[in-house]
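In order, the protein sequence lines correspond to chains A and B.
Residues in the first sequence are numbered from 0 upward in steps of one, following numbering that gives the first Met the number 0.
Residues in the second sequence are numbered from 0 upward in steps of one, following numbering that gives the first Met the number 0.
A short write-up of the structure that comes next.
2 protein chains.
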Amino acid sequence: MAESYKIGIDIFGGDNAPECNLNGVQKFLESHNDLLKTVSLFLFGESASIIQYLGKEICSQSYINIIDCKEVIGFNDHPVKAFLTKKDSSIVKGFHYLKADKIDVFSSAGNTGAMMVGATQAIGMLDGISRPVITSVLPRESGEDGIILDVGINADCKPEVLDQFAVIGSIYAEHICKISEPKVGLLNIGEEEEKGNLLTKATHKLLKQNERINFIGNIESRGILNDGADVIVCDGFTGNVILKQAESFYEIIKKRGIEDNYFERFNYESYGGTPVLGINSNVIIAHGISNAEAISNMIKLSYDVVEIDLPQKIKNAL
Amino acid sequence: MAESYKIGIDIFGGDNAPECNLNGVQKFLESHNDLLKTVSLFLFGESASIIQYLGKEICSQSYINIIDCKEVIGFNDHPVKAFLTKKDSSIVKGFHYLKADKIDVFSSAGNTGAMMVGATQAIGMLDGISRPVITSVLPRESGEDGIILDVGINADCKPEVLDQFAVIGSIYAEHICKISEPKVGLLNIGEEEEKGNLLTKATHKLLKQNERINFIGNIESRGILNDGADVIVCDGFTGNVILKQAESFYEIIKKRGIEDNYFERFNYESYGGTPVLGINSNVIIAHGISNAEAISNMIKLSYDVVEIDLPQKIKNAL
Numbered sequence: 000m001a002e003s004y005k006i007g008i009d010i011f012g013g014d015n016a017p018e019c020n021l022n023g024v025q026k027f028l029e030s031h032n033d034l035l036k037t038v039s040l041f042l043f044g045e046s047a048s049i050i051q052y053l054g055k056e057i058c059s060q061s062y063i064n065i066i067d068c069k070e071v072i073g074f075n076d077h078p079v080k081a082f083l084t085k086k087d088s089s090i091v092k093g094f095h096y097l098k099a100d101k102i103d104v105f106s107s108a109g110n111t112g113a114m115m116v117g118a119t120q121a122i123g124m125l126d127g128i129s130r131p132v133i134t135s136v137l138p139r140e141s142g143e144d145g146i147i148l149d150v151g152i153n154a155d156c157k158p159e160v161l162d163q164f165a166v167i168g169s170i171y172a173e174h175i176c177k178i179s180e181p182k183v184g185l186l187n188i189g190e191e192e193e194k195g196n197l198l199t200k201a202t203h204k205l206l207k208q209n210e211r212i213n214f215i216g217n218i219e220s221r222g223i224l225n226d227g228a229d230v231i232v233c234d235g236f237t238g239n240v241i242l243k244q245a246e247s248f249y250e251i252i253k254k255r256g257i258e259d260n261y262f263e264r265f266n267y268e269s270y271g272g273t274p275v276l277g278i279n280s281n282v283i284i285a286h287g288i289s290n291a292e293a294i295s296n297m298i299k300l301s302y303d304v305v306e307i308d309l310p311q312k313i314k315n316a317l
Numbered sequence: 000m001a002e003s004y005k006i007g008i009d010i011f012g013g014d015n016a017p018e019c020n021l022n023g024v025q026k027f028l029e030s031h032n033d034l035l036k037t038v039s040l041f042l043f044g045e046s047a048s049i050i051q052y053l054g055k056e057i058c059s060q061s062y063i064n065i066i067d068c069k070e071v072i073g074f075n076d077h078p079v080k081a082f083l084t085k086k087d088s089s090i091v092k093g094f095h096y097l098k099a100d101k102i103d104v105f106s107s108a109g110n111t112g113a114m115m116v117g118a119t120q121a122i123g124m125l126d127g128i129s130r131p132v133i134t135s136v137l138p139r140e141s142g143e144d145g146i147i148l149d150v151g152i153n154a155d156c157k158p159e160v161l162d163q164f165a166v167i168g169s170i171y172a173e174h175i176c177k178i179s180e181p182k183v184g185l186l187n188i189g190e191e192e193e194k195g196n197l198l199t200k201a202t203h204k205l206l207k208q209n210e211r212i213n214f215i216g217n218i219e220s221r222g223i224l225n226d227g228a229d230v231i232v233c234d235g236f237t238g239n240v241i242l243k244q245a246e247s248f249y250e251i252i253k254k255r256g257i258e259d260n261y262f263e264r265f266n267y268e269s270y271g272g273t274p275v276l277g278i279n280s281n282v283i284i285a286h287g288i289s290n291a292e293a294i295s296n297m298i299k300l301s302y303d304v305v306e307i308d309l310p311q312k313i314k315n316a317l
């Protein structure tokens, strides 16, 4: 029997937890029958509720493990404080298991700050990487998806950090999005090399010299949804602004009753989240508003990052 | 007879010049018959073409003045160099007239860089103002328009500069958009005071203490199209990213054949441009892609800023 991938899932993290999370687990089990021989799910949360919801039959399967947690870190909890004090919470226990190699990946739609505390402090950075980074999918007009990073962890960045993001993003696009030699664009306010702010001007120089990436130059925000670049690099402030503006357009489109296949791909409720890239293990952060489909996709993404061994790939590249 | 407002218009600036510009002049004359007693239009450009296009009857009216210019500053011209060498261009001549008080305002859809050279070097800053700033309209869901500034001139800003933008934006919103006590929001990546990058954290403190404005706190990019704030303050890099992302969404909506009244308000082709705020006179910069309606609106906006005497209002407030 092949070695199984041990996937830890926070059942009590997220706006719609635990119901959506448990529906998401069921959805994953139903739609990925082929993976059940190579996967072990570790469900972190109050065991009685989990068993009651999923039923004894599912819970007795060999690929289901329930880790009883009596506490929950909520969205209003202070991340550092909660991580230090709520020892019996699903997030803290998840990181204990991850740190001890009892699981290969830990995924949650819960308190992002607490997840970042776990990722950076309980797990820590890969050697040579300055800052952790998270990505978001950019649904492109061609049908393919691009990615943008950072989208919120690093509000202030140095050029060297963006240079690392370009490499990390390329690896992610290559192995997770299956784009070979992904084209990297620097988000900027002008296509010409000399345009931009101090950060983008200095970063442009570094990216141009970086032989590990396929740099194609500056991309304006009006060009991020076409096929110019597969990986868009920016600081976390700008990326977060772009992401939330896209979300707001999608919300207005829905509110106005517009039905459109392309814009439906902006429904961030159904995306499976993003790995925290640059750290020494696999951690997935999903959107707080994740629905069951998103949780199912989060589990699949968790499977993929473990299978590919993303941290090792990033380590090798830098 | 009341004193007339002398409005200078670059007939040869813009992607669709001179046809669209001249159509725009005609459109203005037709739709603002009531203003013709208090307005003199100064048309900068090759006089033979202008007379041929508009016809002798219009051109002989007392409110039409044609200033013959033999050169054009194109989009690919280097702004500073072109401003120094193309002495007989519509932009350079326009600024000569403005500087000499022969006109009260100069407006162009041409080379933005050259317009900024004229605004900052031929005209210069108001006492006490550090940087010029340009705004863009944000079409809000309620039907009213908000504004965002800066949208592109100042890629790197200090907190003190954003603090001035907040005052300037408030005056613009009050007198041009007719919003009393406009609510000012700081664009940020979190609503809480302690969120953001170094710039927004420091700016938040200044705006909170600024008694000249009605500061309501941080606004995320997902909230700029609702009624949270009338004036959104940000650095020119972020503002430009937001503006161009909105333009790209609008373009995709059009491309996909979606008809919607609300999104039609994102058609930046039809907006009349923005004054360069903070300088010692009235200069209007319009979008290069301006159509006839946009040019007509540009002339009306020129009329409004002269009537209101925006530079004096800003001077008084600071």
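Built from N, CA and C at the ideal position, the CB exists for glycine as well.
Item: Beta-carbon proximity check, proline 17 of chain B vs isoleucine 10 of chain B, cutoff 7 Å; Value: yes
Item: Completely contained beta strand (DSSP E) runs for the stretch 58 to 138 of chain A, where each covers 3 or more residues; Value: 63 to 67, 104 to 107, 134 to 138
Item: Between the CA atoms of proline 78 of chain B and valine 116 of chain B - distance to the nearest angstrom; Value: 7 Å
Item: Cross-chain neighbours of glycine 195 of chain A in chain B, by beta carbon under 7 Å; Value: Ala154
Item: Start-to-end residues for the beta strand (DSSP E) that takes in lysine 241 of chain A; Value: A small fix is needed here, since residue 241 of chain A is isoleucine in this sequence, not lysine. Note, isoleucine 241 of chain A: premise wrong, no beta strand (DSSP E); alpha helix (DSSP H) at 235 to 254.
Item: Buried or exposed (CB count within 10 angstroms, at least 16 for buried), serine 338 of chain B; Value: Residue 338 of chain B falls outside the range modelled here, since chain B spans only 0 to 317, and no answer is possible.
Item: Pairwise C-alpha distance: glycine 184 of chain B and cysteine 68 of chain A; Value: 41 Å
Item: Validate contact between the stretch 197 to 214 of chain A and the stretch 209 to 222 of chain B using beta carbons, cut 8 Å, 3 pairs; Value: no
Item: Below-7 Å beta-carbon distance, asparagine 209 of chain A vs any chain B residue; Value: no
Item: Which listed residue (B:Phe43, B:Ile50, B:Val136, B:Gly12) has its alpha carbon closest to that of asparagine 75 of chain B; Value: B:Gly12
Item: Neighbour list for glycine 151 of chain A in chain B, Cβ cutoff strictly below 7 Å; Value: Ile188
Item: Delimiting residues of the beta strand (DSSP E) encompassing tyrosine 4 of chain B; Value: 4 to 9
Item: CB contact flag (threonine 134 of chain A, threonine 237 of chain A, <7 Å); Value: no
Item: Bridge-paired residues (DSSP) for asparagine 281 of chain A; Value: A:Val104
Item: Limits of the unbroken alpha helix (DSSP H) element including lysine 194 of chain B; Value: Per DSSP, lysine 194 of chain B belongs to no alpha helix (DSSP H) and is neither H nor E.
Item: Beta-carbon proximity of tyrosine 62 of chain B to leucine 21 of chain B, cut-off 7 Å; Value: no
Item: Proximal residues of chain B, C-beta to C-beta of leucine 130 of chain A below 8 Å; Value: Sequence check: residue 130 of chain A is arginine here, not leucine. The contacting residues do not exist; arginine 130 of chain A stays about 14 Å from chain B at best.
Item: Cβ shell of methionine 0 of chain B (< 6 Å), same chain only, five flanking positions each side left out; Value: Below a pLDDT of 50, predicted positions are generally treated as unreliable, and methionine 0 of chain B, at 42, falls in that range; no measurement from the model is reported.
Item: Contact under 7 Å by Cβ, glycine 277 of chain A with isoleucine 128 of chain A; Value: yes
Item: Member of B:Ile170, B:Ile252, B:Leu125 whose CA lies at the smallest distance from the CA of phenylalanine 265 of chain B; Value: B:Ile252
Item: Buried or exposed (CB count within 10 angstroms, at least 16 for buried), glutamine 163 of chain A; Value: buried
Item: C-beta neighbour in chain A for arginine 139 of chain B, strict 7 Å; Value: no
Item: Same chain, Cβ closer than 7 Å to aspartate 303 of chain A, neighbours up to 5 away in sequence not counted; Value: Ile175
Item: Span of the beta strand (DSSP E) around leucine 148 of chain B; Value: 144 to 148
Item: Beta-carbon neighbours of isoleucine 257 of chain B, restricted to chain A and to distances below 7 Å; Value: Ile257, Asp259
Item: Where proline 158 of chain B sits in the DSSP three-state scheme; Value: helix
Item: For asparagine 213 of chain B: DSSP bridge partner residues; Value: B:Lys182
Item: Test item: CB-CB of valine 150 of chain A and isoleucine 212 of chain A under 7 Å; Value: no
Item: 6 Å CB neighbourhood of glutamate 263 of chain B in its chain, flanking five on each side removed; Value: none
Item: Test: valine 240 of chain A CB closer than 7 Å to a CB of chain B; Value: yes
Item: Which of helix, strand or coil DSSP assigns to leucine 42 of chain A; Value: strand
Item: Partner residues on chain A for isoleucine 284 of chain B, Cβ-Cβ distance less than 9 Å; Value: The premise fails here: isoleucine 284 of chain B is roughly 16 Å from chain A at the closest Cβ pair, so nothing lies under 9 Å.
Item: Rounded separation between leucine 83 of chain A and phenylalanine 43 of chain A - CA only; Value: 18 Å
Item: Beta-carbon neighbours of leucine 325 of chain B, restricted to chain A and to distances below 7 Å; Value: Nothing can be reported for residue 325 of chain B: it is not among the residues displayed for chain B, which extend from 0 to 317.
Item: Chain B contact residues for lysine 86 of chain A, given Cβ-Cβ distances below 8 Å; Value: Under the 8 Å cutoff, chain B gives no residues; its nearest Cβ is about 26 Å from lysine 86 of chain A.
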